[in-house]
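A.B. asks: Positions 63 to 407 (the numbering used here) are the ones given, in order, by the sequence shown.
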Amino acid sequence: MTTQPDLQPVAPTADDHAVKLLRQMLRIRRFEEKCAELYTATKIRGFLHLYVGEEAVAVGVMEALRPEDAVVATYREHGHALARGVSARSIMAEMYGKLEGCSRGRGGSMHLFDAKTRFYGGNAIVAGGLPIAVGLALADRMRGDHRVTSCFFGDGAVAEGEFHECMNLAALWKLPVLFICENNLYAMGTRVDLAQSETNLAKKAASYAMQAIGVDGMDVLAVETAAVKAAATVRAGEGPIFLECRTYRFRAHSMYDPELYRSESEVAEWKKRDPIPALAASLKAADVAAVEQEISSEIQDAIAFAESGSLEPVEDLERFVYSERTGRHSGGPLCAMDETDRRRA
Ligand SMILES: Cc1ncc(C[n+]2csc(CCOP(=O)(O)OP(=O)(O)O)c2C)c(N)n1
């Protein structure tokens, strides 16, 4: 009888990794394209800011993070949440305002939150995430936890006072924050050179005595390489690092933006640098088709999940208004989180 040699696990090839990156970017792209359709059909209400064109940034950076790290993002955060591992189902249900959503349907598109993946949102306030990230990193430093807090924000945040306060304190206290500025050249309709005396935003961060690096945000591999190196340095306790990822949003600022501040030819020029077809072209067509198929099923499933979800009962309207320790729940006990919620968190 012949014996079979022990099966060795197959080492992942560079192609496997590229397929993984492509899958993540395509998931975000297709998910958001569907969101735009659902918005037009009034299934999704409120505000909706799409990340189309900028996917390489979130996907590249997530490759550098570990499960114990934290992510703080802006209102343009569907991509970050998906890449971080928040399920498409819970994000879509949140968009629909359903109880099964990651923020119980109370946050919508701009306020995704997920404790399991340490995804701290989702913040509608420009630069509002920066102090949260600095606080999280300070807590890690004080506890001696070697975790990285990643903080994504736009070029518009650089004009806020909070930005400068946060750069200063993070550098002064050598806090473990990875700052990722997603410089897509516009803050709503204001072009960066009309708002900033210094348009090399990395230079601004460097003035606070931290390492600051400009990265091609349209190249997922370049972002990944820079983020992996930076996260290792931050994790080693050497202080914060600032990555300025130069990128571009292909769609309007939000669903209400007539885009009068830029020309179609400018958008067309940037679309030539779309990170998704660039990576797909280096892969086998059959692999790309399989990924598309898989993503299509995932999105259909997420929509079905959101459609069949429930709305929070009116009696719960005042829940979570006050915290467990200090507040009141209209139903009686001083409790904002029941056991089910606690287990969910
Ligand atoms: C403190 C504050 N000021 C103004 C606004 C209104 N606002 C919403 S988005 C936005 C532009 C922000 O641009 P940027 O930070 O570059 O991010 P992007 O939308 O390009 O991703 C502004 C001014 C706000 N949400 N918060």
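Even glycine gets a Cβ: it sits at the ideal position worked out from N, Cα and C.
(1) Using 7 Å as the cut-off, classify the Cβ of residue 315 as near or not near the heavy atoms of ligand 1, replying yes or no.
(2) Using 7 Å as the cut-off, classify the Cβ of residue 248 as near or not near the heavy atoms of ligand 1, replying yes or no.
(3) Look up residue 355 in the DSSP assignment and say whether it is helix, strand or coil.
(4) In three-state terms, what does DSSP make of residue 213?
(5) In the DSSP assignment, what residue or residues form a beta bridge with residue 181?
(6) Only counting the same chain, and skipping five residues up and downstream in sequence, which positions put a Cβ closer than 6 Å to that of residue 415?
(7) Using a Cβ distance threshold of 8 Å, determine whether the stretch 286 to 295 contacts the stretch 257 to 264, with at least three qualifying pairs required.
(8) Does DSSP put residue 278 in a helix, in a strand, or in coil?
(9) Counting only the same chain and skipping the five closest in sequence on each side, list residues whose C-beta sits under 6 Å from that of residue 79.
(10) Where do the ends of the alpha helix (DSSP H) carrying residue 117 lie?
(11) Would you verify that the beta carbon of residue 323 is, or is not, closer than 8 Å to some beta carbon of chain B?
(12) Indicate, with yes or no, if ligand 1 has a heavy atom lying under 7 Å from the CB of residue 255.
(13) Given that a residue counts as buried once 16 or more other Cβ atoms are within 10 Å of its Cβ, and exposed if not, what is residue 223?
(14) Output the distance between the C-alpha atoms of residue 196 and residue 300, rounded to the nearest integer angstrom.
(15) Enumerated in chain order, which unbroken segments of the alpha helix (DSSP H) with a length of 4 residues or greater are wholly contained in the stretch 198 to 262?
(16) Using 7 Å as the cut-off, classify the Cβ of residue 219 as near or not near the heavy atoms of ligand 1, replying yes or no.
(17) Bridge partners of residue 304, per DSSP?
C.D. replies: Looking at the atomic coordinates:
(1) Residue numbering aside, residue 315 sits at position 253 when the sequence shown is read from its first letter. Residue 315: yes, Cβ under 7 Å from ligand 1.
(2) Position 186 of the sequence shown, counted from the start, is the residue given in the question as residue 248. Within the cutoff, so yes.
(3) In the sequence shown, residue 355 corresponds to position 293, counting from 1. Residue state, collapsed to three classes: helix.
(4) Working through the sequence shown from its first residue, we reach residue 213 at position 151. Note: residue 213 maps to strand in three-state DSSP.
(5) Position 119 of the sequence shown, counted from the first residue, corresponds to residue 181. BP columns for residue 181 point to 133, 176.
(6) With the chain covering 63 to 407 only, the question about residue 415 has no answer from this structure.
(7) no
(8) The sequence position of residue 278 within the sequence shown is 216, counting from 1. Three-state result, residue 278: strand.
(9) Numbered from 1 along the sequence shown, position 17 holds the residue referred to as residue 79. Around residue 79: no qualifying Cβ.
(10) In the sequence shown, the residue the question calls residue 117 occupies position 55. Its alpha helix (DSSP H) spans residues 117 to 124.
(11) Absent here is chain B; the protein component of the structure consists of one chain.
(12) As a first step, residue 255 must be located in the sequence shown, where it is residue number 193. It does not: the Cβ of residue 255 is nowhere closer than 7 Å to a heavy atom of ligand 1.
(13) Your numbering for residue 223 matches position 161 in the sequence shown. Counting Cβ neighbours within 10 Å, residue 223 comes out exposed, since fewer than 16 surround it.
(14) The count along the sequence shown starts at 1 and reaches residue 196 at position 134. The count along the sequence shown starts at 1 and reaches residue 300 at position 238. Whole-angstrom Cα-Cα distance: 15 Å.
(15) 223 to 234, 254 to 257
(16) In the sequence shown, residue 219 corresponds to position 157, counting from 1. Checking every heavy atom of ligand 1 against the Cβ of residue 219, one is found closer than 7 Å.
(17) Taking the first residue of the sequence shown as 1, we reach residue 304 at position 242. Residue 304 is bridged to 241, 274.
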